[in-house]
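Quick notes on the structure that follows.
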Amino acid sequence: MRPYFTADLHLHTSRGSADSNLSLQDLIDRAEAIGIGAVCITEHDNIWDLKELSQLAAGKSVTYLRGMEVTTEMGHVGVFGLGEYVGGIYKLAELRRVVDRAGGVMIANHPFRYKLDPRFSFINPDHEPIDIDHPERAAKLEIIQSCDAIEVLNGACSEEENLFALKVARALNKAEVAGSDSHSANSIGVVTTLFLNPVSSTEELIDAIKARSSRAGRGLLNGSVAPFDLP
Ligand SMILES: [Zn+2]
Ligand SMILES: [Zn+2]
């Protein structure tokens, strides 16, 4: 028996994200092939219809769940528990209100992507520089404070960005999650969120994150899943 239940909490399909090359058939084929426990489809600013999702999931061994990656003025936030896009949630404070009303959770996705390496400072010209030696200062950022969990391991971030996110999560004792941020099939499951118990519904996922019982991990694709930790 596997010691962990693995879930990819963050990926985009060509169905709902214009920047994705991942077709539904490729998603299903790949997810079934790698032996992952659950896959959460999180399109940019839109969410799958429940009926279509259950059609996709019917008869499959992998659990398919739906979330959304909301673009806010402070950054990208992974959301579980909403059934549709709600006007005004591009503002972080409004998103928090809406998600609380729905009993959902918010994840600060790739919070430090391109924000630590000065070579990429042109991407975030308005952003206050982040001092990599002081995660406790970054922990005061509004997007970090507002979210229930931190995506401490993102498949498209550098190791440095991921480790810094992990330090910030630890400074606040926030839930730690991982997502591949796949836009194509081969990166699905390259990193995964690890749970001690199977997650078979959005409600169970939300409860596990709220209970801070998740860890980030990697190694599924080479058969040796291990938690992501500080060196
Ligand atoms: Zn994003
Ligand atoms: Zn994404």
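Residue numbering for the sequence shown follows my numbering, beginning at 48 and increasing consecutively. The beta-carbon is built from N, C-alpha and C at its ideal position, and this holds for glycine as well.
Asked                                                                                                                                         : Found
Could you tell me which of ARG166, VAL133, LEU243 and ALA149 sits nearest to GLY84, measuring between CA atoms?                               : LEU243
With the cut-off set at 7 Å, would you say VAL126 and GLY134 are in Cβ contact?                                                               : no
So GLU90 packs on GLU116, CB below 8 Å; how close in whole Å?                                                                                 : 7 Å
Using a threshold of 6 Å, is the CB atom of HIS59 nearer than that to any non-hydrogen atom of ligand 1?                                      : no
Is the closest heavy atom of ligand 2 to the C-beta of GLU198 under 6 Å?                                                                      : no
Would a C-beta distance cut-off of 7 Å place GLY270 and VAL238 closer than the cut-off?                                                       : no
Can you grab the Cα-Cα spacing for the pair LEU210 / CYS87, in whole Å?                                                                       : 23 Å
Among THR110, LYS138, PHE167 and GLY226, which residue has its Cα nearest to the Cα of ALA263?                                                : GLY226
So does ASP228 have its beta carbon nearer than 6 Å to some heavy atom of ligand 2?                                                           : yes
Can you tell me which residues form a DSSP beta bridge with PRO274?                                                                           : GLY264
So within the region 60-114, which uninterrupted alpha helix (DSSP H) runs reach at least 4 residues, ignoring any that extend past its ends? : 71-81 and 97-104
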